[in-house]
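> Just dropping this structure here.
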Amino acid sequence: MPMAPGEGIKGVIKELRIPNVDQVSYSHELAPYGLMGIKAHYKNGDATIYMADQGDSIVILASDFYPRS
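The opening position of the sequence shown corresponds to residue 30 in my numbering, with each subsequent residue numbered one higher.
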């Protein structure tokens, strides 16, 4: 993963206090924007967060939460 997107993902994890990150992903197929994702585990379920990297900022696009049964 390139340094800039990696630092951006790290900043989002810190800012949103996302615990137990399992996976991160990055794609530059939508250039000039980057598409990023984080999968995390919470006590009561799992979350997936989708983000767009605009070059100078990162915007949360959507999130999915899957509660534990």
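Ideal Cβ positions, reconstructed from N, Cα and C, are used throughout, including at glycine.
1) Under 6 Å Cβ to Cβ from SER56, same chain only, skipping five residues before and after it: list those, please.
2) In this structure, does DSSP put LEU59 in helix, strand or coil?
3) Which ranges would you report for the beta strand (DSSP E) in the stretch 59-98 if only whole runs of at least 3 residues count?
4) My understanding is that ILE67 touches ILE87, with C-beta atoms under 8 Å, so please give their C-beta distance in whole angstroms.
5) Identify the residues that DSSP records as bridge partners of VAL41: which are they?
With the structure as the only source:
1) LEU64
2) coil
3) 63-71, 74-82, 87-96
4) Contact flag wrong, Cβ pair sits at about 11 Å.
5) Paired residues: none, contrary to the question.
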